[in-house]
Amino acid sequence: MKPDLVLYRFCRAVVVGFCRLFWRLSVEGLEHIPDGPFVLAPVHRSNIDTPLVGAVTRRRLRYMGKDSMWKYRAPGWLFSALGAFPIRRGSVDREAFTRCLAVIEAGEPLVMFPEGMRQSGPLVQPLWGGPAYVALRAGVPIVPVGIGGSERAMPKGARFIRPVRVHIVIGAPLFGEARPGKRVSLSARTELTSRLRAEIQRLFDKAQIKAGA
């Protein structure tokens with residue numbers, strides 16, 4: 001096994017174990033996780049959402065991260081070793097999208113938060129079209145995810161985490177018109193993004209109830 005995969009599996013085991021103990025993390029819908037590559041699209045309410053979604057599969061998840069996370073060498077090395085890669089926030093980063101497609105083509109699952117940055121409140125905010133674009137261009141499904149309780153566990157501006165219950169609900173994969181390697185139409189991207197938002201809202205509502213939020 002490659003050293004980076006050994007590191008990932010060790011860190012995942014530690015992080016997920018902590019999440020299950022500290023936040024009494026529970027996950028439902030594991031049967032919806034595909035065997036092949038896919039785009040994982042979680043709701044985003046807290047900085048802890050990234051480690052939390054590591055519980056949905058033992059496979060290595062690849063993450064997009066804001067480029068400022070690589071400002072310092074040591075943390076940047078760790079993020080890269082764990083499968084993350086930087087993207088310039090606020091602009092169309094063609095290199096980042098190319099790397100997203102490369103991750104999918106290598107057979108690995110890719111995490112993309114479709115709300116972009118962290119949001120607040122019970123309503124899923126308008127989604128950006130990146131996850132739908134990548135899924136359609138690569139011909140893979142999008143797996144929507146609702147996370148309940150993470151905003152209470154560590155809301156925006158909080159410096160410390162709180163020991164509240166967190167629950168994750170994984171939805172059935174969403175498929176669009178597969179066009180591997182071809183141009184993705186605006187209408188196809190918009191249609192898939194609309195379905196994704198509705199499904200994330202449904203899962204988020206369910207997860208919030210289960211978490212007691």
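Residue 33 in this note's numbering is what sits at position 33 of the sequence shown, and the numbering runs on without skipping anything.
Note that beta-carbon positions come from the ideal geometry of N, C-alpha and C, so glycine has one too.
All values reported here derive from a predicted model rather than from experimental measurement.
Note on geometry: alpha-carbon atoms of G116 and N47 lie some 12 Å from one another. By the neighbour-count definition (other C-beta atoms within 10 Å, threshold 16), G171 is a buried residue. For the stretch 17-77, the full-length alpha helix (DSSP H) segments reaching 4 residues or more read 49-52 along the chain. Just measuring C-alpha positions, the residue of V16, G139, F113 sitting nearest L127 is F113.
The alpha-carbon of F160 is positioned some 17 Å away from that of R118. Taking the CA atoms as reference points, R12 sits about 34 Å from T190.
For A84, the beta-bridge partners assigned by DSSP are Y63. DSSP places P163 outside both helix and strand once states are collapsed to three, so it counts as coil.
For the pair Y72 and V16, the Cα-to-Cα distance works out to about 25 Å. When DSSP states are grouped into helix, strand and coil, L110 belongs to the strand group. Counting only residues of its own chain and dropping the five nearest sequence neighbours on each side, G107 has a CB closer than 6 Å to the CB of P37.
For V103, there is no enclosing beta strand (DSSP E); the enclosing alpha helix (DSSP H) has its first and last residue at 94-105. For P3, the secondary structure class from DSSP, reduced to helix, strand or coil, is helix. Under the 10 Å beta carbon count, L21 is surrounded by fewer than 16 other beta carbons and is classified as exposed.
Following the DSSP letters along the chain, one finds P144 inside the beta strand (DSSP E) bounded by residues 142-148. Membership of S194 in the alpha helix (DSSP H) is indicated by the continuous run 186-211. Under the three-pair Cβ rule at 8 Å, the stretch 52-63 does not count as touching the stretch 191-209. In the DSSP assignment, R137 falls within the unbroken alpha helix (DSSP H) covering 130-138.
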